[in-house]
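Asker:
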Amino acid sequence: MSALLEVRDLTVQLKMDSGMREVITGTSLTIAEGEAMGLVGESGSGKSMTAKAIARLLPDGADVQGSVTFDGTDVLALDGDALRKHRAQVAVVFQDPRAHINPVRRIEDFMTESLRILESVSKPDAAKRAAAALEEVGIDDPGKRLRQFPHELSGGMLQRVMIATALLSEPRLLLADECTTALDVTTQAEVMAILDDLRRDRGLSMLFITHDLELAGAVCDRTCVMYAGQVVETRAASLLHGDPLHPYSAALVQARPDISSTAERLVAIPGRPVSAFEAPSGCRFAPRCPHAEDACRAEEQVLTELDGGRVRCRRAAELRGRLLDGAHV
Amino acid sequence: MIAFLGKRMAMLLATLLVASFAIYGALYLAPGSPIAALTGGRSVPPEVLAQLEERYHLNEPFLTRYWLWLSGVVRGDLGESIPLRQDVSTIIGQRIGVTLQLVMLTAAIIIIVGVGLGIVGALGRKSVDFGVLLASTVSAALPAFAAAVLLQFVFGVMLGWFPVLGTGDGFVDQLRHLTLPALALAATSVALVARVTRTAVRDELDKEHVQTAVSRGLPWRDVVRRHVLRNAAIPITTVVGITIASLIALAAVVETAFGLNGLGAYLVQAAQNKDFATVQGISLVLVFAFVITNVIIDIAYAILDPRVTLGSRAQ
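Those protein sequence lines, which keep their order, are chains B and X.
Read in my numbering, the first sequence has 558 at position 200, and its numbers run on one by one without any break.
Read in my numbering, the second sequence has 242 at position 251, and its numbers run on one by one without any break.
Next comes the structure, spelled out in structure tokens:
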């Protein structure tokens, strides 16, 4: 498999009122043609910023180091028409469809706008394709939906519109940024199933951003776990859940409520998540890690290969297999 | 739509009814009598006085007089100006054209310059934005009467580009005569509209749906036109509408300063002459114009924002 997307040593600083703040530190990941990669982490871990850097949607004044290569092109160097072509190939499905779809334009206008403007498809043809795309995502009576305004549709339906629209422009990479988080649980499952099906049918690559490790495991080939702006573990998605390599991944697995047993209290990771700019030196997870030693705090951790995955923890090999044994309480 | 218009017409009539009562009542309570104004304080034989009172229904009770006046108004008869011995509708008809032209020209200036500057400020570079802010601050600090004097001095007296007084004959000449008054009247409003436009466009630029449009690789001009400006048009329309409606009353100051034979200027004059019927008539016309402008804003608002259902607000 050749890499469609390669992110190497990506470091991003954003301009804040108080100066430049680092949000991603040396992130590297690759996505092959047709591969689905999960990107998991708590709020502020830098996962959305990674996606924004890939689609070149970072806010003005952001400082970006490292490289992002898409199909052989240096994404960070693009501008003008070439940048717009890149953006058209990378479709983003955002978290909150209600905010991300213009409320005063009809669904048809939203769905067909890039076909009409970028590909000069005629209005009736574009509408036909939009109607077919709506049927594909399981929306009945597409003709009626196309004439409606966003506020007349439910959240789940709008997200399906968003997915249909993303696929309509025939992208090569799909960036799904917490695209089911804003939906209720049953709708979430439906939308997820549709997204997964359509992606597999088309052999589309996807970066699937979520804070739900299990969900990532269900739809992705590999999963990348981020903490405080760094990738701490990359592993086959199916293995991560049962055999995590990094203490943070293990803590995420354990923090998930188990519906088959009752618990006095849900397990939570002690401490609070930190962003890259407020992370301590040495291992960034050390203050919250039950396995941390002085040596962890003393040195910057590096990503190392371990059993087909990559992990940023000096004790990973030693702790292997023991991480899920109810260790930290 | 038809139900909405019907409802708005009913509200319009109710507003006018209340306004007419307020206007009539206020003048009834005002000191001085039309007879005194008519006779100029000279003593008049009682039978002449009685005749005048009879003719103008001056000794009828208040409500009867109001009713007589109102039923005349409904038939298009606004009464008779006692000092001028002319129909009020004729007086208004002679002057309404100037006021209408002045307000329309001013509205055009406000929309083109105000909205234009606001958009340029919001989308332009920092230096351009600073220029817009500076210009709008200066312009906002100029009340119409001060702007009138300043414009007359600079463009009328010093440069001699525009006439300072009067209405002019023929379309082009009238336009030349109305240019300075319209600019004076527009000064404060242009600043307000520019500021609101700038903020509205700025706010819209930061919206998530604009980010979606950018993420799809649309050209920037399409993003701006189809999403930023289209959506910013909603708050802009509101402020432009309110501003134009308020011009109708403000026009009086500028008409007086530039010696224009308009409704506003004559309203002031009529009030000084105790010409009650004329004051009532002109006030009623101004209220009518104000209410109509508001109905137009409401309709425009409902067309621009599909989330607003006509007549009631959704969400």
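Each residue gets a CB set at the ideal place from its N, CA and C atoms; glycine is no exception.
What you are looking at is a predicted structure, and each value in this text was computed from that prediction instead of being measured.
So, HIS458/B versus ARG414/B, is the Cβ gap smaller than 8 Å?
Answerer: The residue you call residue 458/B lines up with position 100 of the first sequence. The residue you call residue 414/B lines up with position 56 of the first sequence. Contact flag unset, no.
Asker: For the 8 Å Cβ check, are there 3 or more pairs between the region 119 to 131 of chain X and the region 175 to 192 of chain X?
Answerer: Yes, the region 119 to 131 of chain X is in contact with the region 175 to 192 of chain X.
Asker: Three or more C-beta pairs closer than 8 Å, one from the region 185 to 198 of chain X and one from the region 238 to 250 of chain X: is that the case here?
Answerer: No, the region 185 to 198 of chain X is not in contact with the region 238 to 250 of chain X.
Asker: So is ARG557/B in contact with chain X if we call contact Cβ pairs under 8 Å?
Answerer: Your numbering for residue 557/B matches position 199 in the first sequence. Answer no: the Cβ-Cβ gap between ARG557/B and chain X never drops below 8 Å.
Asker: Taking the alpha carbon of GLU658/B as the reference point, which residue from ARG642/B, VAL589/B and HIS649/B has its own alpha carbon closest?
Answerer: As a working note, residue 658/B is residue 300 in the first sequence. Checking every option, the nearest Cα to that of GLU658/B belongs to ARG642/B.
Asker: With 16 other CB atoms within 10 Å as the buried threshold, where does VAL660/B fall?
Answerer: As a position in the first sequence, residue 660/B is number 302, starting the count at 1. The residue is exposed, with fewer than 16 neighbouring Cβ atoms inside 10 Å.
Asker: Just the chain X side, please: which residues come within less than 9 Å of PHE566/B by C-beta, in chain order?
Answerer: Mapped onto the first sequence, residue 566/B falls at position 208. Result: empty, since nearest Cβ-Cβ is about 17 Å, beyond 9 Å.
Asker: Identify the continuous beta strand (DSSP E) that holds ALA361/B and give its terminal residues.
Answerer: In the first sequence, the residue the question calls residue 361/B occupies position 3. Taken as a continuous stretch (DSSP letters only), the beta strand (DSSP E) holding ALA361/B covers 361 to 374.
Asker: In chain X, which residues lie less than 8 Å from VAL462/B when you measure between Cβ atoms?
Answerer: By one-based count along the first sequence, residue 462/B stands at place 104. Here the neighbours are ARG221, ASN222, ILE225, LEU295, ASP296, PRO297 and ARG298.
Asker: Could you pull out every residue in the same chain whose Cβ sits closer than 8 Å to the Cβ of ALA446/B, ignoring the five residues on either side in sequence?
Answerer: Working through the first sequence from its first residue, we reach residue 446/B at position 88. For ALA446/B, where only same-chain residues beyond five positions count, the Cβ hits under 8 Å are SER472, LEU476, SER527 and PRO529.
Asker: Count the other CB atoms within 10 Å of the CB of MET564/B; is the residue buried (16 or more) or exposed (fewer)?
Answerer: For the purposes of this step, residue 564/B is taken as residue 206 along the first sequence, with counting starting at 1. Under this definition MET564/B is a buried residue.
Asker: Would you list the residues sitting across from TYR585/B in a DSSP beta bridge?
Answerer: As a working note, residue 585/B is residue 227 in the first sequence. DSSP output for TYR585/B lists GLN588/B as bridge partner(s).
Asker: Please determine, among ILE(-7)/X, GLN260/X and GLY147/X, the residue with the shortest C-alpha to C-alpha distance to SER72/X.
Answerer: The residue labelled residue 72/X in the question sits at position 81 within the second sequence. When each option's Cα is compared against that of SER72/X, the closest is GLN260/X.
Asker: Check THR668/B in the structure and name its three-state DSSP category.
Answerer: Position 310 of the first sequence, counted from the first residue, corresponds to residue 668/B. Per the sequence shown, residue 668/B should be read as Arg rather than Thr. Strand.
Asker: So, helix, strand or coil for ALA305/X, using DSSP?
Answerer: On the second sequence, residue 305/X is found 314 positions in, with the first residue counted as 1. For ALA305/X, the predicted structure reports a pLDDT of 40, less than 50, and the residue's modelled location is therefore unreliable. The matter cannot be settled from this model.
Asker: So what does MET564/B bridge to, in DSSP terms?
Answerer: In the first sequence, residue 564/B corresponds to position 206, counting from 1. Its beta-bridge partners are ALA394/B and LEU532/B.
Asker: What span of residues does the beta strand (DSSP E) with GLY84/X cover, start to end?
Answerer: Residue 84/X sits at position 93 when you count from the first residue of the second sequence. From DSSP, GLY84/X is part of no beta strand (DSSP E) but of the alpha helix (DSSP H) over 79 to 100.
Asker: With C-beta atoms as the reference, is SER401/B less than 8 Å away from PRO645/B?
Answerer: In the first sequence, counting from the first residue as 1, residue 401/B sits at position 43. In the first sequence, counting from the first residue as 1, residue 645/B sits at position 287. It is not a contact, given that the beta carbons lie outside the stated cut-off.
Asker: Note down, in chain order, all residues in the region 192 to 205 of chain X with a beta-carbon under 9 Å from any beta-carbon belonging to chain B.
Answerer: Cβ contacts with chain B: LYS198, GLU199, HIS200, VAL201, GLN202, THR203, ALA204 and VAL205.
Asker: Enumerated in chain order, which unbroken segments of the alpha helix (DSSP H) with a length of 4 residues or greater are wholly contained in the region 390 to 443 of chain B?
Answerer: 405 to 412, all fully within the region 390 to 443 of chain B.
Asker: Is the shortest distance between the beta-carbon of LEU209/X and the beta-carbons of chain B less than 8 Å?
Answerer: Here residue 209/X is taken as the residue at index 218 of the second sequence, counted from 1. Chain B contact via Cβ: present.
Asker: Does ARG304/X have its Cβ less than 8 Å from a Cβ in chain B?
Answerer: Start at 1 with the first residue of the second sequence, and residue 304/X comes out as number 313. Bear in mind that a pLDDT of 42 at ARG304/X, under 50, signals an unreliable position, so the model cannot answer this.
Asker: Which same chain residues, not among the five before or five after LYS405/B, have their C-beta less than 6 Å away from its C-beta?
Answerer: On the first sequence, residue 405/B is found 47 positions in, with the first residue counted as 1. Taken in chain order, the residues that qualify are LEU397, GLY399, ILE567 and MET584.
Asker: Any beta carbon from chain X within less than 8 Å of SER480/B's own beta carbon?
Answerer: Here residue 480/B corresponds to residue number 122 of the first sequence, with the count starting at 1. Judged by the 8 Å Cβ criterion, SER480/B is not in contact with chain X.
Asker: Distance cutoff 8 Å, beta carbons only. Does HIS48/X sit that close to anything in chain B?
Answerer: Stepping through the second sequence from its first residue, residue 48/X is reached at position 57. No - not a single Cβ of chain B is within 8 Å of the one on HIS48/X.
Asker: Taking just the CA atoms, how far does GLY232/X sit from GLN271/X?
Answerer: For the purposes of this step, residue 271/X is taken as the residue at position 280 of the second sequence. For the purposes of this step, residue 232/X is taken as the residue at position 241 of the second sequence. Their Cα atoms are separated by approximately 25 Å.
Asker: State the start and end residues of the unbroken alpha helix (DSSP H) segment that holds ALA261/X.
Answerer: Against the second sequence, residue 261/X aligns to sequence position 270. Here the alpha helix (DSSP H) through ALA261/X covers 254 to 263.
Asker: Given that ALA522/B touches chain X, what residues does it touch there, using C-beta distances under 8 Å?
Answerer: Looking up residue 522/B in the first sequence gives position 164. Within chain X, no residue comes near ALA522/B; the closest Cβ sits about 14 Å away, beyond 8 Å.
Asker: Taking DSSP as the reference, what is the three-state secondary structure of LEU387/B?
Answerer: As a first step, residue 387/B must be located in the first sequence, where it is residue number 29. It is a strand residue.
Asker: Using a Cβ-Cβ cut-off of 8 Å, state whether HIS168/X counts as contacting chain B.
Answerer: By one-based count along the second sequence, residue 168/X stands at place 177. False, the Cβ-Cβ gap to chain B never drops below 8 Å.
Asker: I need the DSSP call for MET(-8)/X, collapsed to helix, strand or coil.
Answerer: Taking the first residue of the second sequence as position 1, residue -8/X is located at position 1. Correct three-state label for MET(-8)/X: coil.
Asker: Using 10 angstroms around the beta-carbon of SER118/X, count the other beta-carbons present and answer buried if the total reaches 16, otherwise exposed.
Answerer: Against the second sequence, residue 118/X aligns to sequence position 127. It counts as exposed.
Asker: Would a C-beta distance cut-off of 8 Å place ILE552/B and GLY496/B closer than the cut-off?
Answerer: Working through the first sequence from its first residue, we reach residue 552/B at position 194. Working through the first sequence from its first residue, we reach residue 496/B at position 138. Yes, Cβ-Cβ distance for ILE552/B and GLY496/B is below 8 Å.
Asker: PRO605/B: which of MET515/B, PRO500/B, ARG505/B and ASP683/B sits nearest, CA to CA?
Answerer: As a working note, residue 605/B is residue 247 in the first sequence. When only C-alpha atoms are compared, the closest one is ASP683/B.
Asker: Return helix, strand or coil for ILE382/B, following the three-state DSSP convention.
Answerer: Indexing the first sequence from 1 puts residue 382/B at position 24. DSSP places ILE382/B in strand when its eight states are reduced to three.
Asker: Can you give the Cα-Cα distance for LYS431/B and ALA650/B, rounded to whole angstroms?
Answerer: Reading the first sequence from its first residue, position 73 is the one you call residue 431/B. Reading the first sequence from its first residue, position 292 is the one you call residue 650/B. As written in the sequence, residue 431/B is Thr, which differs from the Lys given in the question. For THR431/B and ALA650/B, the distance between alpha carbons rounds to 41 Å.
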